[in-house]
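Student: The structure that follows is given in the form of structure tokens.
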Amino acid sequence: MFDINVFASFRINDTIEFLITETTRNTWIVMGLLLILAIIVRVKSNKWDPMKKPTGLQNVIEMCVDAWEKFFRGNSNDTVLYLAPWFFSLFVFLIISNIMGITGLRPPTADWGMTFPLAVSTFFLIQYAGVRHRPKGYLKGIFLEPVFVFAPLNVIGELARPISLSFRLFGNVLGGMILLSLLYGIAPIFTQIVLPVPLHMYFDLAAGALQAVIFTVLSLTFVGIAAES
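Note that the sequence shown covers residues 1377 to 1605 in the numbering used here.
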């Protein structure tokens, strides 16, 4: 779980050394892909005429926006609709990260050092949504319900959410990567071209996409519940 997976290192002096891990490198790759995609959409969108029927990329983007809005409303509520862009970015990042294993690269989400910060961001959004939209009711639910003596258990329950979210995503992605690595280690060389294909389809594509959906849906649900009156 705490394997460093060093890709490169830079030493400044005898006491300071910077390490670039595989997780860091592959995260930069995902960020670069998303940045390139965002730039392409931005450049293309400047040429779109809102008075004309959408075609091509514009039609695809509008379909994605509409589908995401319906998905968001189905798993959360309109009160926190302003968070839809953040969760869309999170979802796309998770999708690309989870399926990266099909290229032979280590998925960034196979490192708990990546999944835990993502889960912590969800934790802070939960607290923000609760305090912003119903401060008295939310704080009362944590510290005074059903009675004040349960406050420590309620606080522990809140703190357990990012831990459970992070380990669920990390464990499933890492487990699939380990199983595929073991298969490559024990399978004869002449079968390594065909035999792993269906397993890659499941562990990298199907399971990767499923874990991205689960993480996003749980995050949306927690934030929506915290904001409900």
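Backbone N, C-alpha and C define an ideal beta-carbon position, used for all residues, glycine too.
The structure presented is a predicted model; accordingly, all values stated were derived computationally and were not measured.
Per DSSP, which one or two residues make a beta bridge with V1382?
Tutor: Within the sequence shown, the letter at position 6 stands for residue 1382. According to DSSP, V1382 bridges with T1397.
Student: I think I1502 touches F1598, with their Cβ atoms under 8 Å apart; what is that distance to the nearest whole Å?
Tutor: The sequence position of residue 1502 within the sequence shown is 126, counting from 1. The sequence position of residue 1598 within the sequence shown is 222, counting from 1. Yes, they are in contact, since the Cβ atoms of I1502 and F1598 sit about 5 Å apart, within 8 Å.
Student: Using the Cβ count rule (16 or more neighbours within 10 Å means buried), how would you classify I1416?
Tutor: Residue numbering aside, residue 1416 sits at position 40 when the sequence shown is read from its first letter. Classification of I1416: exposed, given that the 10 Å Cβ count is below 16.
Student: Can you tell me whether S1473 is buried or exposed? The criterion is at least 16 other CB atoms within 10 Å of its CB, across all chains shown.
Tutor: As a first step, residue 1473 is located in the sequence shown; it is residue number 97 there, counting from the start. With 16 or more Cβ atoms within 10 Å of its Cβ, S1473 is classed as buried.
Student: Taking 7 Å as the cut-off, decide whether the C-beta atoms of D1580 and I1437 are in contact.
Tutor: Position 204 of the sequence shown holds residue 1580. Position 61 of the sequence shown holds residue 1437. Cβ atoms of D1580 and I1437: not closer than 7 Å.
Student: Just confirm the distance between the C-beta atoms of S1595 and T1498, as a whole number of angstroms; I'd bet it's less than 8 Å.
Tutor: Here residue 1595 is taken as the residue at index 219 of the sequence shown, counted from 1. Here residue 1498 is taken as the residue at index 122 of the sequence shown, counted from 1. 4 Å between Cβ atoms; contact.
Student: If you reduce the DSSP assignment to three classes, tell me which class K1429 lands in.
Tutor: Your numbering for residue 1429 matches position 53 in the sequence shown. Coil, per DSSP.
Student: Where N1512 and C1440 are concerned, what is the direct C-alpha to C-alpha distance, given to the nearest angstrom?
Tutor: Counting from one through the sequence shown, the residue named residue 1512 turns up at place 136. Counting from one through the sequence shown, the residue named residue 1440 turns up at place 64. Sequence inspection shows Lys at residue 1512; the Asn mentioned does not correspond to that position. About 37 Å.
Student: Once DSSP output is grouped into helix, strand and coil, what is the label at V1496?
Tutor: Taking the first residue of the sequence shown as position 1, residue 1496 is located at position 120. In this structure, V1496 counts as helix in the three-state DSSP scheme.
Student: Where F1448 and V1468 are concerned, what is the direct C-alpha to C-alpha distance, given to the nearest angstrom?
Tutor: Numbered from 1 along the sequence shown, position 72 holds the residue referred to as residue 1448. Numbered from 1 along the sequence shown, position 92 holds the residue referred to as residue 1468. Rounded to the nearest angstrom, the two C-alpha atoms are 14 Å apart.
Student: Specify the secondary structure class of L1411 as computed by DSSP and reduced to three states.
Tutor: As a working mapping, residue 1411 is identified with position 35 in the sequence shown. DSSP places L1411 in helix when its eight states are reduced to three.
Student: To the nearest angstrom, how far is it from the Cα of T1485 to the Cα of S1542?
Tutor: Residue 1485 sits at position 109 when you count from the first residue of the sequence shown. Residue 1542 sits at position 166 when you count from the first residue of the sequence shown. When rounded, the distance between both Cα atoms is 9 Å.
Student: Rank L1520, N1451, Y1560 by C-alpha distance to the C-alpha of S1591 and give the top, closest one.
Tutor: Within the sequence shown, residue 1591 is the residue found at index 215, counting from 1. For the record, residue 1591 in the displayed sequence is Phe; it is not Ser. Out of L1520, N1451, Y1560, N1451 has the C-alpha closest to the C-alpha of F1591.
Student: Just verifying my parser: in three-state terms, what is the DSSP assignment at P1484?
Tutor: As a working note, residue 1484 is residue 108 in the sequence shown. If DSSP states are grouped into helix, strand and coil, P1484 belongs with the helices.
Student: Could you tell me the distance, in whole angstroms, from the CA atom of I1539 to the CA atom of T1455?
Tutor: Looking up residue 1539 in the sequence shown gives position 163. Looking up residue 1455 in the sequence shown gives position 79. Cα-Cα distance, rounded: 26 Å.
Student: Run the CB neighbour count on A1443, radius 10 Å, all protein chains shown included, and call it buried at 16 or more, exposed below.
Tutor: Numbered from its first residue, the sequence shown carries residue 1443 at position 67. It counts as exposed.
Student: Go ahead and pull the three-state DSSP assignment for V1523.
Tutor: Here residue 1523 corresponds to residue number 147 of the sequence shown, with the count starting at 1. Residue state, collapsed to three classes: coil.
Student: Label M1577 either buried or exposed according to how many other C-beta atoms from any shown protein chain fall within 10 Å of its C-beta, with 16 as the threshold for buried.
Tutor: Position 201 of the sequence shown, counted from the start, is the residue given in the question as residue 1577. Classification for M1577: exposed.
Student: In whole angstroms, give me the CA-to-CA distance for R1482 and R1537.
Tutor: Residue mapping note: residue 1482 aligns to position 106 of the sequence shown, counting from 1. Residue mapping note: residue 1537 aligns to position 161 of the sequence shown, counting from 1. So the alpha carbons of these two residues sit roughly 26 Å apart.
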